[in-house]
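Quick notes on the structure that follows.
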Amino acid sequence: MCGIFFSVGLVVDRSRIDIIEHRGPDGDGWKEWDTQLGKLALGHKRLAIIDTSEAAAQPFVYAGNRYHLVFNGEIYNYVELKEQLAGRGHVFTTHSDTEVLVAAYAEWGSACLDRLLGMFAFVIWDVQAQTIFVARDRFGIKPLYYVNSPAGLAIGSEIKQLLDLPGGERRLNAARAIDFLSEGLLNHSSDTMFVGIQQVRRGEAFELDFGQWSPGEPLPIRRWYRLPEVGSLVLSEAEAADRFYELMEDSIRLHLRSDVPIGSCLSGGLDSSAIVCLMRQELESNGAGDNLNTISACFDEASVDERKYISVVNDHTRASSHYVFPSPEQAFGDAEKITWHQDEPYGSTSIYAQWSVFQEAKRLGIKVMLDGQGADEQMAGYHGAFGQYSAELWSRRQYLELMKLFRERQKLHGISIKQQMMTTLLPLLPPVIRGAALRLRQQVVQHNWLDAPVFHGLNRKVSGFSQALQENGLSDVNSIGNLSAALTDSLNLQMLLHWEDRNSMAHSIESRVPFLDHRLVELNIGLGSAHKIKGAETKRILRVAMRNTLPGEILNRHDKLGFATPEEVWFKTVMRNDVLRGVEDTLSMFPDLLNREGTLALTKDMLDGRMPFNFVPWRIVSLGIWARLFKVSM
25 MCGIFFSVGL
35 VVDRSRIDII
45 EHRGPDGDGW
55 KEWDTQLGKL
65 ALGHKRLAII
75 DTSEAAAQPF
85 VYAGNRYHLV
95 FNGEIYNYVE
105 LKEQLAGRGH
115 VFTTHSDTEV
125 LVAAYAEWGS
135 ACLDRLLGMF
145 AFVIWDVQAQ
155 TIFVARDRFG
165 IKPLYYVNSP
175 AGLAIGSEIK
185 QLLDLPGGER
195 RLNAARAIDF
205 LSEGLLNHSS
215 DTMFVGIQQV
225 RRGEAFELDF
235 GQWSPGEPLP
245 IRRWYRLPEV
255 GSLVLSEAEA
265 ADRFYELMED
275 SIRLHLRSDV
285 PIGSCLSGGL
295 DSSAIVCLMR
305 QELESNGAGD
315 NLNTISACFD
325 EASVDERKYI
335 SVVNDHTRAS
345 SHYVFPSPEQ
355 AFGDAEKITW
365 HQDEPYGSTS
375 IYAQWSVFQE
385 AKRLGIKVML
395 DGQGADEQMA
405 GYHGAFGQYS
415 AELWSRRQYL
425 ELMKLFRERQ
435 KLHGISIKQQ
445 MMTTLLPLLP
455 PVIRGAALRL
465 RQQVVQHNWL
475 DAPVFHGLNR
485 KVSGFSQALQ
495 ENGLSDVNSI
505 GNLSAALTDS
515 LNLQMLLHWE
525 DRNSMAHSIE
535 SRVPFLDHRL
545 VELNIGLGSA
555 HKIKGAETKR
565 ILRVAMRNTL
575 PGEILNRHDK
585 LGFATPEEVW
595 FKTVMRNDVL
605 RGVEDTLSMF
615 PDLLNREGTL
625 ALTKDMLDGR
635 MPFNFVPWRI
645 VSLGIWARLF
655 KVSM
């Protein structure tokens with residue numbers, strides 16, 4: 025994993041890669057060419073993981089002097105691809121996946137993307153053809169941003185590399201800010217929080233012919249990968265579980281390919297526990313069973329402390345366990361540092377727990393960490409999915425099954441039947457009525473805090489949520505399958521992967537996410553609701569597949585935490601004054617963005633317990649920290 029930079033037509037220097045030193049402290053490279061579009065530059069910061077020799081340094085040159093590659097990520101099936109390419113006459117001089125990637129492009133062109141199993145964002149400069157090819161992996165695990173103006177085109181791994189270039193403005197994108205503040209959405213659009221800076225989105229690619237394209241003209245970005253049709257697979261529970269286990273086991277095998285030490289995040293939940301248990305099996309089969317390290321974030325607050333379950337997994341796998349204990353003082357004290365690495369505001373202090381885990385990994389000298397990102401989205405692991413599932417049962421007139429579900433959830437999770445009925449009704453409402461109900465709630469219960477000139481000036485016809493669904497070809501999330509597809513492709517996952525990448529790379533750690541092996545995702549999206557939720561049990565297929573692998577205490581868990589922090593307790597006690605000051609600061613910076621009186625009333629009601637806890641005040645605080653740090657104006 026590394027950091028990359030490309031530009032054409034612009035006057036740039038190595039400072040564009042020096043600013044992301046954290047992404048690649050093991051080496052760097054910078055090359056320039058004169059082209060018909062002006063100066064072309066390729067830059068790279070290296071985090072050496074596979075073939076750590078200088079021979080694999082980038083920009084990587086292939087086929088004489090024809091192809092030049094800068095690449096961020098890992099191609100996990102590079103060994104198998106290398107064998108195929110060698111059979112077609114390609115000669116390799118390194119043991120790296122970098123060389124395999126550029127050889128695959130030389131052999132198959134853009135069709136090479138379909139053969140890649142991994143995470144990647146790369147630029148290939150073909151000197152002979154005078155073209156560039158740019159691509160991002162299927163799910164957006166690795167970031168890729170660009171700014172395009174008549175002066176030139178620039179591409180980078182992080183937004184900060186593109187600031188102050190022509191077209192890259194330190195100006196607030198009001199529409200994205202409202203999406204973030206009101207709905208908690210980030211990375212659901214090609215736009216970023218900065219006007220003029222955009223991202224190549226998940227599963228997108230483009231090619232530019234310098235003889236036919238000029239800077240400032242639209243980029244011919246195409247979607248090279250899409251999820252399969254929801255519910256297109258018909259398998260029995262046993263067949264689905266066998267296939268899931270086979271793919272998950274193989275994904276872990278491939279994700280353990282490395283020439284440097286590997287560990288795993290461990291929260292004590294189903295997903296990270298499954299990864300650690302399968303890691304143990306794979307390491308033992310390779311004679312490396314003593315090399316399993318786990319790192320966990322823990323808290324003294326009983327409601328979010330997972331040490332009981334973490335210990336079960338560590339004992340079961342005989343892992344070397346390490347613990348970090350994030351505090352509210354640290355979470356707020358490090359907020360500027362985290363924001364600088366994130367490049368955009370973040371929606372919850374929960375990412376500080378993850379930040380702390382990667383910080384500990386660096387201290388321990390563990391360079392690669394596996395994590396469970398993506399499992400909840402593709403398998404409907406969030407408890408909010410029960411609303412869609414209940415609506416499905418209602419629509420199919422399975423009323424007895426629905427009442428059985430209500431009783432089971434009341435017993436397991438303490439959620440009243442009345443409350444469950446309300447969450448069942450919401451997905452059944454037409455989107456227009458549902459939107460009106462949510463707006464009424466915002467006005468009456470939440471003090472109409474968005475009633476300000478910026479919001480009215482946007483004249484929004486649809487919410488950011490609806491816009492993201494439409495871009496994904498979905499009209500609504502009225503089923504478990506549609507919900508899983510939307511969360512994986514357009515909503516939660518893109519935001520979580522953004523946080524994961526920046527938190528890990530801030531500490532020069534490569535984070536790998538084996539649940540996002542595309543074969544596994546395609547299986548889960550293709551399967552019907554019965555494989556995701558059964559009764560009050562989430563992630564049914566994972567539980568069945570891992571019956572003989574996970575300890576019973578983990579397998580039978582029905583709560584959901586992940587990388588959580590005791591945020592509500594922190595906000596109402598230690599961080600209370602910081603939150604109030606932060607909200608005031610943001611309101612002062614952007615007086616037309618939010619309704620001042622409504623926003624302050626909302627914040628105080630939440631801090632004083634007069635309304636349920638939510639993340640809106642932190643989003644407002646985070647927006648202010650970000651704007652001040654990056655000198656962002658309206």
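The sequence shown begins at 25 in my numbering and counts up one residue at a time. The beta-carbon is built from N, C-alpha and C at its ideal position, and this holds for glycine as well. All figures in this text were calculated on a predicted structure; none of them were measured in a lab.
Just grab the DSSP bridge partners of Glu228 for me.
-> Under DSSP, Glu228 shares a beta bridge with Arg247.
Enclosing alpha helix (DSSP H) for Val545 [first to last residue] | 542-550
When burial is assigned at 16 or more other CB atoms within 10 Å of the CB, is Asn580 buried or exposed?
-> exposed
Per the contact definition of three or more C-beta pairs closer than 8 Å, is the region 213-227 in contact with the region 150-164?
-> Result yes; three or more Cβ-Cβ pairs closer than 8 Å.
Could you name the residues of the same chain whose beta carbon sits closer than 8 Å to that of Gly561, not counting the 5 residues immediately before and after it, in chain order?
-> According to the sequence displayed, residue 561 carries Glu and not Gly. Arg567, His582.
Three-way DSSP call (helix, strand, coil) for Arg112 in this model = coil
State the DSSP-derived secondary structure class of Ala355, mapped to helix, strand or coil.
-> Ala355 falls in the helix class under three-state DSSP.
Pull up the distance between the alpha-carbon of Arg431 and that of Arg420, whole angstroms please.
-> 19 Å
On the three-pair Cβ rule with 8 Å, is the region 82-89 touching the region 549-556?
-> no
With 16 other Cβ atoms within 10 Å as the buried cut-off, status of Pro350 | Its Cβ being crowded by 16 or more others within 10 Å, Pro350 is buried.
Residue nearest to Gln494 in terms of C-alpha spacing, selected from Gly481, Ala509, Lys332 | Ala509
Is there contact between the region 342-360 and the region 313-325, where contact requires at least three CB pairs shorter than 8 Å?
-> Using a C-beta cut-off of 8 Å, the region 342-360 makes contact with the region 313-325, since at least three inter-stretch Cβ pairs fall below that distance.
In three-state DSSP terms, what is Asp233?
-> strand
Exposure label - Ala229; buried when at least 16 CB within 10 Å = Answer is buried; the Cβ neighbour count reaches 16.
Along the chain, which unbroken stretches of the alpha helix (DSSP H) at least 4 residues long are found entirely within the region 568-594?
-> With a minimum length of 4 residues, the continuous alpha helix (DSSP H) runs that stay inside the region 568-594 are 576-579.
Sequence-distant residues of the same chain with beta carbon closer than 6 Å to Ile569, five excluded per side = The displayed chain sequence assigns Ala, not Ile, to residue 569. Excluding sequence neighbours, Ala569 sits near Ala265, Phe268, Tyr269.
Three-state secondary structure (DSSP) of Gln712 | Residue 712 cannot be examined here, being either before or after the span of the chain that is shown, 25 to 658.
Proximity below 7 Å, CB of Ile28 to CB of Asn101 = no
Alpha carbon to alpha carbon, how far is Asn506 from Gly240?
-> 36 Å
For Arg484 and Leu618, the rounded distance between their alpha carbons = If I take the Cα positions, the gap works out to 15 Å.
Where are the alpha helix (DSSP H) runs, 4 residues long or more, that stay fully inside the region 266-339, in chain order?
-> Complete alpha helix (DSSP H) runs here, min 4: 294-309.
Boundaries (first-last residue) of the alpha helix (DSSP H) holding Ser372 | From DSSP, Ser372 is part of no alpha helix (DSSP H); its letter is neither H nor E.
Residues near Ser372 in its chain [Cβ-Cβ closer than 7 Å; skip 5 each side] | Glu591, Phe639, Trp642
Where do the ends of the beta strand (DSSP E) carrying Trp523 lie?
-> Looking at the DSSP string, Trp523 is not in any beta strand (DSSP E); the run it does join, the alpha helix (DSSP H), is 516-529.
Could you have a look at Leu424 and say whether DSSP puts it in helix, strand or coil?
-> helix
Unbroken beta strand (DSSP E) runs of length 3 or more, entirely within the region 84-147: which are they?
-> 84-86, 91-99
Looking only at its own chain, which residues have a Cβ that is under 6 Å from the Cβ of Phe157, when we skip the five neighbours before and after it?
-> Ile148, Glu231
Whose C-alpha, out of Lys442, Trp523, Gln366, Ala415, is nearest the C-alpha of Leu653?
-> Each of Lys442, Trp523, Gln366, Ala415 was checked against the Cα of Leu653, and the nearest Cα belongs to Gln366.
Just how far apart, CA to CA, sit Val545 and Gln402?
-> A direct Cα-Cα distance of roughly 6 Å separates Val545 from Gln402.
Taking Pro477 as the reference, give the member of Val603, Ile202, Glu78, Leu209 with the closest Cα.
-> It is Ile202 whose Cα lies nearest to the Cα of Pro477.
Bridge-paired residues (DSSP) for Arg195 | Ser657
Out of Gly497, Ile578, Ser646, Leu280, point me to the one whose CA is closest to Asp295's CA.
-> Ile578
Apart from the five residues just before and just after Lys106, which ones in its own chain have a Cβ nearer than 7 Å to its Cβ?
-> Phe116, Val124
In three-state DSSP terms, what is Phe157?
-> When DSSP states are grouped into helix, strand and coil, Phe157 belongs to the strand group.
Pairwise C-alpha distance: Ser320 and Gln383 = 11 Å
Cα separation between Leu205 and Ala625?
-> 16 Å
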